[in-house]
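A.B. asks: Residue numbers (the numbering used here), protein chains in the order written: chain S, 11 to 321; chain B, 11 to 321.
Cβ coordinates follow ideal geometry from the N, Cα and C atoms, glycine included.
Keep in mind it's a predicted model, so treat the numbers as computed, not measured.
Okay, handing you the structure first.
There are 2 protein chains.
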Amino acid sequence: MTSILVVGSVAYDTVETPFGRAERVLGGSASFFSLAASFFVPVNLVAVVGTDFAQEHVDRLAAHNIDMEGLQRADGLSFFWEGRYSFDLNARETVRTDLNVFQSFRPRIPEKYRHSSHVFLGNIDPVLQQEVLDQVERPRLVALDTMNFWIEGRLDELKKALRRVDVLLINDAEARQLSGEWNIVKAARAIRALGPRTLVLKKGEHGVLMFGEDGSFSAPAYPLEQVFDPTGAGDTFAGGFLGYLASVQAQAGAADRGYDDEALRRAVVMGSTLASFCVEAFSLDRLLALTRAEIDERFRLFKRLTQFESI
Amino acid sequence: MTSILVVGSVAYDTVETPFGRAERVLGGSASFFSLAASFFVPVNLVAVVGTDFAQEHVDRLAAHNIDMEGLQRADGLSFFWEGRYSFDLNARETVRTDLNVFQSFRPRIPEKYRHSSHVFLGNIDPVLQQEVLDQVERPRLVALDTMNFWIEGRLDELKKALRRVDVLLINDAEARQLSGEWNIVKAARAIRALGPRTLVLKKGEHGVLMFGEDGSFSAPAYPLEQVFDPTGAGDTFAGGFLGYLASVQAQAGAADRGYDDEALRRAVVMGSTLASFCVEAFSLDRLLALTRAEIDERFRLFKRLTQFESI
């Protein structure tokens, strides 16, 4: 059955932007990803939280088509991140990172999750990402996120993980670091040779560039008048991207016709659409209030934003 | 008759990139602009050079549908610029700028240029930009380029010039500086209130964002495997943009239907197309060897790069 298994962090964030401050609000890569993806297909979440984690927050995610059986509880405090943004919302300063129970996280995939059709490996140790893949039964598509920390400290393990991945989602700086190539086209070719047939480069306010078997695709970020808090935009993008793609593949059936270039292009725009809502408020607030009609309308605006006639 | 009057610099550049070095090659905003625009309509050039300027370079531009009667000769040396690029080709270091005869440039518009249908005011003192407009007869469309130097030092004169302008082409940092707004959507609204009905924001490798009467339009830069030398890309963009727009308006006739949102969108992509060729070699070398068939083919690739289906 079509569903997405996501493994990542569920956390509390304290965020300060030029527009306000939010204390200990719900965050973490798996939270943003799951909520975005849940607009399209059921989501199976695997993460760990501490004894401080409020049942209210579990319930809030569970109410949105997200199965929470995989949420592990451990003695200690939940992952906590504190960050601050200046007016240049592309640059953020990390004030504090307390890994807490996340430090000894070992993902255990519940039996009923093991046949998930799609897997999203959030930004965790590549060793753990491989352990997740060892526990699941031939998913239709695997996507992976990572960061400079793992590229620097766990490159060999990361490369092993990448051989088992269909889609890699990283930012442009990470792509340069991973490939050792400054030019982004050369970087993409080098990275795709490591395994992923599709590379999705996230460039924040400058949008997304995708490299795949059928060439490249570029989508802008939606030009918003008010970017309130960029926290979680990348994970929300990934959720919209993979959620939409999974829903298309579900309709296409087992013939795998869903994994085509056209579906991937629309998935990038759908990811960008979800991300454009995420940044309009703190935490998951805007995503929790979002409707499918609003999503479809902004997708339509994205098309208008980028469309031009042939000459 | 449809033609574009361009007023700007014709210069010699010495450029060093990670891929090589070029000594005293033909450069300047008016050179790049003219050559790009000349693929679409005749160009009337006004600039100043010194006694060191080679006749060969005059002839080279003249051979490309560019009227050189407006090229003034002055005692002294031509404008000289020396710059260096690191691997991050978005950032450049100016090693030396010798304004030379450009310092006392006063644009004189030849009689036969005064009925040019389109005017491009290159990046010069806004006082001179106004003097150019005083010498021409009601052009159909006026576009203007400027920079931080004039925004800081000649803001009042720049605002006077902007009241007489249809299209302003600047980069995103300049838009923030001119408007005092960090958010780019707010910046665009503030700038359009100063006069220009269309604002074209150049973002280098991140493409172009246009704000007009019918909403906004986003186009990426073409992802190239080899960016050899970015010098002149912005002026080449402007030349392709305005040249294409002028050619559309010529076809549309006096009813002014050419200045519509669809034509502006294609003009942005055409500007991006020309700019993508410019950066493939030093100086004007690639543009001098370019064919209309190559232009049309890359325009088609731009469409493929950005196209996606509705959901």
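(1) Rounded C-beta distance between B:Val5 and B:Phe227? I'm assuming under 8 Å.
(2) Please name the residue, chosen from B:Gly30, B:Tyr269, B:Ala57, that lies closest to B:Tyr95 on a Cα-to-Cα basis.
(3) Residues bridged to B:Phe221 by DSSP?
(4) Answer with buried or exposed for B:Leu165, where buried requires no fewer than 16 other C-beta atoms within 10 angstroms of its C-beta.
(5) Please tell me whether S:Asp108 and S:Phe90 are closer than 8 Å, where the distance is taken between their beta carbons.
(6) Could you tell me the boundaries of the alpha helix (DSSP H) in which B:Gln82 lies?
(7) In chain order, what residues of the same chain lie with their CB nearer than 7 Å to the CB of S:His216, ignoring the 5 residues before and after it?
(8) I want to see whether chain B comes within less than 8 Å of S:Val321, judged by CB atoms only; does it?
(9) Please list the terminal residues of the continuous alpha helix (DSSP H) segment that includes S:Trp91.
(10) Along the beta strand (DSSP E) that carries S:His128, what are the first and last residues, could you check?
(11) With distances taken from CA atoms, which of B:Leu36, B:Pro206, B:Ser189 is nearest B:Ala200?
(12) Any beta carbon from chain B within less than 8 Å of S:Lys313's own beta carbon?
(13) With a threshold of 8 Å between beta carbons, is S:Phe309 in contact with chain D?
(14) Taking Cβ-Cβ distances below 9 Å as the criterion, which residues of the stretch 46-75 of chain B are in contact with chain S?
(15) Which of the residues in the stretch 231-246 of chain B, read from start to end, lie with their CB under 8 Å from any CB of chain S?
(16) Going by beta-carbon coordinates alone, are S:Leu138 and S:Pro120 separated by less than 8 Å?
(17) I need the straight-line Cα distance from S:Pro52 to S:Ser13, nearest angstrom please.
(18) Starting from S:Arg199, trace the beta strand (DSSP E) in both directions and tell me its first and last residue.
(19) According to DSSP, simplified to helix, strand and coil, what is S:Asn75?
(20) Between the stretch 272-285 of chain S and chain B, which residues of the former have a C-beta closer than 7 Å to a C-beta of the latter?
(21) List the residues of chain B whose Cβ lies closer than 7 Å to the Cβ of S:Phe287, in chain order.
(22) Going straight from the alpha carbon of B:Arg148 to that of B:Asp270, what length do you get?
(23) Only counting the same chain, and skipping five residues up and downstream in sequence, which positions put a Cβ closer than 8 Å to that of B:Leu234?
(24) Exposed or buried, what is B:Arg207 when buried is set at 16 or more other beta-carbons lying within 10 Å of its beta-carbon?
(25) Counting only beta-carbon atoms, is B:Lys122 nearer than 8 Å to chain S?
(26) Which residues of chain S have a Cβ atom closer than 8 Å to the Cβ of B:Val195, listed in chain order?
(27) Which one or two residues does DSSP pair with S:Tyr2 in a beta bridge?
(28) Rank B:Val177, B:Lys213, B:Lys212, B:Asp182 by C-alpha distance to the C-alpha of B:Ala203 and give the top, closest one.
(29) Taking just the CA atoms, how far does B:Val68 sit from B:Val56?
(30) Could you pull the start and end residues of the alpha helix (DSSP H) that B:Leu168 belongs to?
(31) Using only the alpha-carbon positions, how far apart do B:Ser39 and B:Gly18 sit?
(32) Can you tell me whether DSSP reads B:Glu147 as helix, strand or coil?
(33) Entirely within the stretch 246-299 of chain B and at least 4 residues each: give me those alpha helix (DSSP H) ranges in chain order.
(34) Whose Cβ in chain S lies nearer than 9 Å to the Cβ of B:Phe251?
(35) Distance check for B:Thr24 and B:Val142, CA to CA, integer angstroms please.
(36) Which of the three DSSP states is assigned to S:Ile119 in this structure?
C.D. replies: Quick answer:
(1) The question about residue 5 of chain B has no answer, for chain B in this structure spans 11 to 321.
(2) That would be B:Gly30, whose Cα lies nearest to the Cα of B:Tyr95.
(3) Checking the DSSP bridge columns, you'll see B:Phe221 partnered with B:Leu209, B:Ser226.
(4) B:Leu165 should be labelled exposed.
(5) The Cβ atoms of S:Asp108 and S:Phe90 lie closer than 8 Å to each other.
(6) B:Gln82: not part of any alpha helix (DSSP H); member of the beta strand (DSSP E) spanning 81-83, first to last residue.
(7) If the five residues before and after S:His216 are omitted, its C-beta is found closer than 7 Å to the C-beta atoms of Ala231, all from its own chain and listed in chain order.
(8) In the sequence as presented, Val is not what sits at residue 321 of chain S; that position holds Ile. Chain B, which has a Cβ nearer than 8 Å to the Cβ of S:Ile321, makes this yes.
(9) S:Trp91 -> not in any alpha helix (DSSP H); beta strand (DSSP E) instead, spanning 90-95.
(10) Segment 128-131, the beta strand (DSSP E) holding S:His128.
(11) Comparing Cα-Cα distances from B:Ala200 to each of B:Leu36, B:Pro206, B:Ser189, the minimum goes to B:Ser189.
(12) Taking Cβ atoms only, chain B reaches closer than 8 Å to S:Lys313, which makes this a yes.
(13) The structure shown contains no chain D; its protein chains are S and B.
(14) Per Cβ criterion, the list is empty.
(15) Answer set for the stretch 231-246 of chain B: Pro233, Leu234, Glu235, Gln236, Val237.
(16) No, Cβ-Cβ distance for S:Leu138 and S:Pro120 is not below 8 Å.
(17) Rounded to whole angstroms, the gap between the alpha carbons of S:Pro52 and S:Ser13 is 5 Å.
(18) Looking at the DSSP string, S:Arg199 is not in any beta strand (DSSP E); the run it does join, the alpha helix (DSSP H), is 194-202.
(19) Correct three-state label for S:Asn75: coil.
(20) Answer in chain order: Glu272, Arg275, Arg276, Val279.
(21) Those do not exist, as S:Phe287 stays about 16 Å from chain B at its closest Cβ, beyond 7 Å.
(22) Each residue's Cα considered, the two are about 19 Å apart.
(23) If we look at B:Leu234 and ignore the five residues flanking it on each side, its Cβ neighbours are Ser286, Val289, Glu290.
(24) Exposed, since its Cβ has fewer than 16 Cβ neighbours within 10 Å.
(25) It does not: the Cβ of B:Lys122 has no partner Cβ on chain S nearer than 8 Å.
(26) Neighbourhood of B:Val195 in chain S, by CB distance below 8 Å: Pro233, Leu234, Glu235, in chain order.
(27) Residue 2 of chain S lies beyond the range of chain S shown here (11 to 321); nothing can be said about it.
(28) Relative to B:Ala203, the option among B:Val177, B:Lys213, B:Lys212, B:Asp182 whose CA is nearest is B:Val177.
(29) Here the C-alpha atom of B:Val56 lies approximately 12 Å from the C-alpha atom of B:Val68.
(30) Boundaries of the alpha helix (DSSP H) harbouring B:Leu168: 165-172, taken from the DSSP string.
(31) One C-alpha to the other measures close to 6 Å.
(32) Secondary structure of B:Glu147 (DSSP, three-state): coil.
(33) As summarised for the stretch 246-299 of chain B, the continuous alpha helix (DSSP H) elements at least 4 residues long and confined to that stretch are 271-288, 295-298, given in chain order.
(34) Result: empty, since nearest Cβ-Cβ is about 13 Å, beyond 9 Å.
(35) The alpha-carbon of B:Val142 is positioned some 29 Å away from that of B:Thr24.
(36) It is coil, neither helix nor strand.
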